[in-house]
């Protein structure tokens, strides 16, 4: 019998009714003759409820006790789902992260899985059970409860798939697959049948929030096939595999992602000397602000211009910090813009096809879309433009690169 | 340093504010130079909320998954209390039943503690922590989560006190001690300073719901001193010890308990023959109805009368069963009354003092209180009368036996 690992997120199991529907889906896959392991998150809203309780004690709460607290969210859903499966006449058992042998490091709140002792799950599968495992959580060697950070249930599911050598890891979400771009922005957006883990990684980091990047990374590293499916409608979803099948080789661009949660900061006329980047970014990092895109170039006067993006929530604090740095560095000017969008085109085909970038820029220029930053990687080109341009930019690129065909 | 074990129930820690007040009490005892272990229940209402979720899946839910579910209630409070203690500047750590090494049998929903591996708690105490342990829960040798049944947190606290050889086990409740009777019924009710475990056992089984009977039994068996205290007001509470101190020897009656949650069933004119009791009670037991008092006597015609009490909730079902038995046994009459109260006088002094029973009966008779059942044990006399008589009966007995002095 092949092992199938299924993962259901919080919105899929937010109520007793929804849990019942999830149970039906699980049973249907079991009836196909497979052994089933089901990884679940907390019911939607529950993790936030617990987090708010903790924050009312200490707004800066973190560490061991927080994980002990919020791990109860999944413990509730595993038992409710196991009860539902049993009520529907199927043998089922729930396992917490600890019971399922999911060992992590001791970096509380964002632990990483060290290894999985697959014996407990295997034992219960061999006894004919549907095994329901708490996602998002694990245990240290010392016996402390840990959590993997937000979205960690995807990672749990992939790691369990690896540990059990599962045939497939099915991630159930509220969308029916990965799209060439957001259908709400571009009505021509098409569901992608198959995509490489590399491409998916770029798409998910760039704002297509279907799958947790760490889970995709993990799947790529251990060559596990992931299938993204909808909990609420039928369909074959999107398969994410390390290598494309033949028919996929020809696609140059797989999809267009965008991210409106960033703001852009710019400092001009700073001396172009070694260490200048760290003098600018050091104070930002000290404030625990993540910097995403970084672009530096030298102007005609031999002075450098430096532009970077930060999460939009951190914009004000980052601007203050940059203005202080500006005085120290005797920079000419500091500018910021928190109404930007980052648009990324992703595709493994880019590696072997020249001219993608120039085609992208010329299409945007033809449509009067001004680009304020450009950043490229082997399988991705990202540009930053004003938020107002989002819809037009995505639509013309989507059409130009034949993603709607 | 002496170890003090404190236990706080659900009403004591029902909100973040109350948890903060509990933390202050814990810290104050710690500042007396003691090592502190704190056992907590779930926040009030939480266990019922979880139970209702489970019942909406399966009204007859029981077993392993139910324990996995409801044990999350205490896991939430241990982490919240540990966070609060830390926030107030004290080193604290939370331990689930499993992490605290509380091993039980595998009778889910009403497990019994087999043994406690005291090394984890001791390790964290030695490191200077206030150790916060989840009450009500444990783990089997196979790693399954169990719960001890309602009120089991008292038992957890006493068992941990035994395992750590604690100086005292302090049970914090919403009353400031054990009373000679319920102050709401008898305004003259007095707080008892000291009571034996045996007496407390009779009082708590008989409806004085301050302490879980199993916890008292456990404390008696291992000779641990329990102190019942109020979470909400200062005071020395009531000490429950295996043996009375000298000054206590003279008390004949320690307290008067009553229970309004029962109903009385009566079958008359059944053949007085061996096995008749089991023919009557067998069908009741088959319905999983607990029978409390049982009285049988023989009338003048050589036929027996048989009376017993059941929980009031089970009254209707029990009456139906008894009416069916009545036909089979050709009994003369079946009667029932669900508006009764059982009143019990408890005291170790009874052993050596004759005439307590007759004094009790004559006082009740003088006050026109009719007794429908009598049952006695070594340190207890229980009578059943109409519910209407409760207040008068308790008050006259309380006065007659000098409990208000």
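Chains as they are written, first to last, in this note's numbering: chain A, 1 to 405; chain B, 406 to 810.
Quick reminder that beta carbons are idealized off the backbone N, C-alpha and C, glycines included.
Residue 517 (chain B) carries a coil assignment under DSSP once its states are collapsed to helix, strand and coil. The beta-carbon distance between residue 65 (chain A) and residue 487 (chain B), rounded to whole angstroms, is 5 Å. This is short enough to meet the 8 Å contact definition. Secondary structure at residue 544 (chain B): strand, using DSSP grouped into helix, strand and coil.
Between the alpha carbons of residue 332 (chain A) and residue 368 (chain A) lies a distance of about 29 Å.
Residue-level contact check: residue 56 (chain A) touches chain B, since one or more beta carbons of chain B fall below 9 Å from its beta carbon.
According to the DSSP assignment, residue 409 (chain B) belongs to the beta strand (DSSP E) that extends over 408-413.
Residues of chain A with a Cβ closer than 8 Å to the Cβ of residue 492 (chain B) are, in chain order, 57, 58.
Chain-order list of chain B residues neighbouring residue 82 (chain A): 470, by C-beta distance under 7 Å. Close partners of residue 504 (chain B) in chain A (Cβ separation under 7 Å): 143. For residue 215 (chain A), the enclosing alpha helix (DSSP H) covers residues 213-222. Within chain A, the residues placing a beta-carbon under 7 Å from that of residue 474 (chain B) are 76, 79, 80, ordered along the chain. Within chain B, the residues placing a beta-carbon under 8 Å from that of residue 61 (chain A) are 488, ordered along the chain. In the DSSP assignment, residue 778 (chain B) falls within the beta strand (DSSP E) that extends over 778-782. Look at residue 168 (chain A) here: in three-state DSSP terms it is strand.
For residue 499 (chain B), the C-beta contacts it makes with chain A under 7 Å involve 65, 68, in order along the chain. Residues of chain B with a Cβ closer than 7 Å to the Cβ of residue 72 (chain A) are, in chain order, 477, 480, 481. Residue pairing by DSSP places residue 669 (chain B) opposite B:714, B:742 in a beta bridge. C-alpha of residue 89 (chain A) to C-alpha of residue 114 (chain A): approximately 35 Å in a straight line. Collapsing the DSSP output to three states places residue 735 (chain B) in coil. Taking CB atoms only, residue 421 (chain B) has a neighbour in chain A less than 9 Å away. In this structure, DSSP gives residue 428 (chain B) a helical state, which the three-state scheme calls helix.
Ranked by how close their Cα comes to the Cα of residue 201 (chain A), the residues A:210, A:194, A:187, A:216 have A:216 in first place.
Residues of chain B with a Cβ closer than 9 Å to the Cβ of residue 265 (chain A) do not exist, since the nearest Cβ in that chain sits about 35 Å away. Secondary structure at residue 35 (chain A): strand, using DSSP grouped into helix, strand and coil. Here the alpha carbons of residue 767 (chain B) and residue 637 (chain B) stand approximately 40 Å from one another. At a cut-off of 9 Å between beta carbons, residue 561 (chain B) makes no contact with chain A. Looking at the backbone, the Cα of residue 358 (chain A) and that of residue 170 (chain A) are separated by about 38 Å. Of the residues A:291, A:175, A:400, the one whose Cα lies closest to the Cα of residue 313 (chain A) is A:291.
By the Cβ test, the region 129-149 of chain A is not in contact with the region 187-197 of chain A, since fewer than three Cβ pairs between them sit closer than 8 Å. Secondary structure of residue 674 (chain B) (DSSP, three-state): strand. Residue 491 (chain B) has no beta-bridge partner at all, per DSSP. Contacts between residue 458 (chain B) and chain A, judged by CB atoms closer than 7 Å, involve 16, 80 in chain order. The C-beta distance from residue 513 (chain B) to residue 551 (chain B) rounds to 6 Å, short enough to fall under 8 Å.
Under DSSP, residue 599 (chain B) forms a beta bridge with B:644. In the pairwise beta carbon analysis, the region 574-594 of chain B is classified as touching the region 408-419 of chain B: at least three pairs are separated by under 8 Å. In the three-state DSSP reduction, residue 749 (chain B) falls in the strand class (E or B).
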